[in-house]
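J.:
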Amino acid sequence: MSHIATDVLVVGAGGAGMYAAIAAARAGAERVLLADKSLVGRGGATVMAQMTVAAALGEECPDEWTAHLEDTLASGRGLCDEALAAILCRDAPARIREMGEWRVGWARRADGRIAQVTAPGHSRPRCCYVDFLNTGPAVAATLRRRVANIAAIRRVSNLNVTDIVTSPGTADGTADGTADGEAIGAVALDVAAGEPVTIAAGAVVIATGGLSRIFARNSASANMGGDGYALALAAGAELVDMEFVQFFPIGHLAPRLVGMDPIMWDPFRYKLGGRLLDGNGREFLADYGSDERDGYTTPRDLATYAIHQEVAAGRGSPHGGVYLSFAHLPAAALADAFGPVIERLARNGIDLGRMAVEVAPIAHYHMGGIAVDERMASRVPGLYAAGEAVGGANGANRLSGNAIPEALVFGERAGRFAAAHAAARADRADRALGWPRGAGAEAVARIRRLAEGRPGAAQPAALLEELRALMWRDVGPFRTAAGLARAAARLAELRALLPDLEIAPGRAFNPTLVDWFELRASLAAAAAVTHAARHRSESRGAHQREDFPDTDPAWARRQHVHLAPDGTFAASPAR
Amino acid sequence: MSAPMAHLRIRRGSAAAMPRYDEFVVPFEDGQTVLDALLWIRARRDPSLAIRYSCINGNVCKECTMAIDGVVNYACITRLRSDAPMTLEPLPGKRLLRDLVTEMRPPRERVR
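Top line first, the protein sequences correspond to chains S and F. Letter by letter, the first sequence follows residues 2 to 576 in this note's numbering. Letter by letter, the second sequence follows residues 275 to 386 in this note's numbering.
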């Protein structure tokens, strides 16, 4: 069996993971292992991001990070972890300017200033981008180049981390019996070989992104099934704000669009405004208190709500969304704003000068995640988180443009503090090179057992489909006590099926083996979302309860959950 | 009139075994992609079909590169056809791992 020893293990190689690896190496870690279940730097959300990046650079008009923070807190509907939000806004300008120095190619004005536009929820032009629709791909490519030039970073693709390994309880185990061990490494599935790998690490950073893939309608890449939340829970960490899933209001719905991300319309809304129309061609946002007289200003939670209400009232478009139209604009304005994208749209049969497209809400981002302190440390010693995997900074509703800064800023801190933890544990790391007897044995045995293949009552791939449909229907943009209870019950049944699912024979690149681990993780993440959504008996930001439509001031608090010894969720004391 | 269907011939197997071609019939909708059809097959017909994909429809990850009717292309941006069968094969010139999956990782990015 392969065994790898490293100072810092980074799980997930999107924007946050790649930056965490860079920062760990910069902080002196001599061995950094950057592992991804997909290909390093190609998967995750960063590479998909076609929109903008918020940072108080003040290129267009005076700006301060404190103003960015004010907007972030307002958008978060009173729920942001203010310490994390402040770090995000304070450090974003340095990270964004650094990306510019690394030649990401921010769009610039004729005089050389970085161009910044006003995205919804921002009090001034603060959001930079790479034209056209290239922000995320350019950020990912820039980080891939940096990572490739750092000798201390070892990249491994198709390495699917299945379990964080903790030391068997600390000497001063707590009185309530939780006795969290310290993170000492991980067990992973080497997908290409179909074999387990053990990884001894001085510290572990979870940078696996969010969970939007657990919803049938999503803007996710394949590896956004909530892996990191499941890993953190099983290791003894807490999750926070799990009920707050951001549904992006104007995901592309029809006509079928190929070769483009479904969230692609937003940058053009920034540039051109555009009109949202119901099925009869009538503008409706004003009915919900957002007239857009001053341009594209409607926050995501309100737009999602308005579109849902229009569709529910029978005023939707043919495919069950609403229309987005730029047809009122002159052809020259469209050509200027869309550039080469006009051609890509034409290949999909879309002529914006003549027609509207259909759009509808899709799962896009997770505000919730692993509970961390200002060092990005979870409550499990040695276990850190970065990027979207972190919960709390964005409260009940993320402000546009805060996701990539979060990846870079939190990645930088997680990598730096994880390296420091690993250095302080140098004695332990040396012992870990030998890998304590029996460490991770159960996880290794599970991979070996499943990789043998076996007949079963159902297929993991089919249950993943069911899970996504269930979550969309019952735990999606609008929730009720009955729907949430139904989801919780079915999730428990699906979880009970895990030991009896079919695995195809053949070890090498066995997709059913990967499906099984994804299903296990997605079920845990889905259960955490459902649990938190059931408890929050109010509507706030992205969490909308049809049976509790109002915001309740008594609920202006975050919910932390962890796994109890019997495998159920337990609420941590309010704080 | 029956609903339109797409017919796919997919090369299966590993480097060690004799290749075989499996045939699948997939419900066809205008505008669908080859990757849409492969995901439908995995969820509803044969989950053991190995494919590589990540970004699904953004054409940014390049993982779903394969030979489609003999021409190397991305499954996520190639439109499905219902008027003639389509043949899908792994990327030529790369080591075959399983079905449509080839070794795309640079040697440095492997466990060993």
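Beta carbons are placed, not taken as given, at the ideal position from N, Cα and C, and that holds for glycine.
1. Taking residue 82/S as the reference, give the member of 240/S, 272/S and 396/S with the closest Cα.
2. Secondary structure at residue 375/F, three-state DSSP: helix, strand or coil?
3. Using a Cβ-Cβ distance cut-off of 8 Å, determine whether residue 371/F contacts chain S.
4. Could you check which residue in 342/F, 334/F, 288/F and 371/F has the C-alpha nearest to that of residue 311/F?
5. Go to residue 516/S, then tell me how far its alpha helix (DSSP H) extends in each direction, as first and last residue.
6. Could you pull the DSSP bridge partners for residue 390/F from this structure?
7. Give the residues of chain S in contact with residue 336/F, contact being defined as C-beta atoms less than 9 Å apart.
8. Answer with buried or exposed for residue 281/S, where buried requires no fewer than 16 other C-beta atoms within 10 angstroms of its C-beta.
9. Spatial neighbours of residue 298/F within its chain, please: CB distance less than 7 Å, with the 5 preceding and 5 following residues excluded, ordered by chain position.
10. Nearest to residue 62/S by CA position, among 481/S, 21/S, 88/S and 119/S, is which residue?
11. What's the C-alpha gap between residue 350/S and residue 339/S?
12. Closer than 7 Å, Cβ to any Cβ of chain F: which residues of the segment 242-260 of chain S, in chain order?
13. Taking the alpha-carbon positions, what's the residue 215/S to residue 415/S distance?
14. Using 10 angstroms around the beta-carbon of residue 295/F, count the other beta-carbons present and answer buried if the total reaches 16, otherwise exposed.
15. By the 9 Å beta-carbon criterion, what residues does the segment 446-460 of chain S contribute toward chain F?
16. Counting only the same chain and skipping the five closest in sequence on each side, list residues whose C-beta sits under 7 Å from that of residue 138/S.
17. Could you give the distance in angstroms between the alpha-carbon of residue 88/S and the alpha-carbon of residue 76/S?
18. Can you list the alpha helix (DSSP H) stretches of 4 or more residues lying completely in the segment 433-473 of chain S, in chain order?
19. In the DSSP assignment, what are the bridge partners of residue 191/S?
20. I'd like to know whether the C-beta of residue 307/F is nearer than 8 Å to at least one C-beta of chain S.
21. Between the C-alpha atoms of residue 492/S and residue 567/S, what's the straight-line distance to the nearest angstrom?
22. Distance cutoff 8 Å, beta carbons only. Does residue 378/F sit that close to anything in chain S?
23. Going by CA-CA distance only, name the one from 457/S, 392/S, 10/S and 455/S that's closest to residue 186/S.
24. Looking at C-beta atoms only, is the number of pairs between the segment 505-514 of chain S and the segment 442-461 of chain S that lie closer than 8 Å three or more?
25. Report yes or no: do three or more beta-carbon pairs, one from the segment 331-347 of chain S and one from the segment 217-232 of chain S, lie closer than 8 Å?
26. Could you tell me which chain F residues have their CB closer than 7 Å to the CB of residue 156/S, listed as they occur along the chain?
27. Using the C-alpha atoms, what's the distance from residue 466/S back to residue 317/F?
28. What's the C-alpha gap between residue 390/S and residue 277/S?
29. What first and last residue would you give for the beta strand (DSSP E) that runs through residue 326/S?
30. Who are the neighbours of residue 512/S on chain F, taking C-beta pairs under 9 Å?
31. Please report the straight-line C-alpha distance between residue 156/S and residue 555/S, rounded to a whole angstrom.
32. Residues of chain F with CB closer than 9 Å to the CB of residue 361/S, please, in chain order.
33. Am I right that residue 385/F and residue 34/S are in contact with their C-beta atoms under 8 Å? What's the rounded C-beta distance?
34. Find out if the Cβ-Cβ distance for the pair residue 72/S, residue 124/S is shorter than 8 Å.
35. Where do the N-terminal and C-terminal ends of the beta strand (DSSP E) with residue 309/S fall, by residue?
36. Express the C-alpha separation of residue 307/F and residue 355/S in angstroms, rounding to a whole number.
T.: For this structure:
1. 396/S
2. strand
3. yes
4. 342/F
5. 512-536
6. No answer is possible for residue 390/F: it lies beyond the span of chain F, which begins at 275 and ends at 386.
7. 40 and 43
8. exposed
9. 282, 284, 315 and 319
10. 119/S
11. 15 Å
12. 256, 257, 259 and 260
13. 26 Å
14. exposed
15. 460
16. 48
17. 16 Å
18. 442-452
19. 160/S and 196/S
20. yes
21. 16 Å
22. yes
23. 10/S
24. yes
25. no
26. 382 and 383
27. 7 Å
28. 32 Å
29. 323-326
30. 316, 321, 322, 323, 324, 325, 372, 373 and 375
31. 47 Å
32. Per Cβ cutoff of 9 Å: no residues; residue 361/S is ~16 Å from chain F at best.
33. That belief does not hold up - the Cβ atoms of residue 385/F and residue 34/S are roughly 11 Å apart, past 8 Å.
34. yes
35. Run containing residue 309/S: none in the beta strand (DSSP E); it sits in the alpha helix (DSSP H), 301-313.
36. 25 Å
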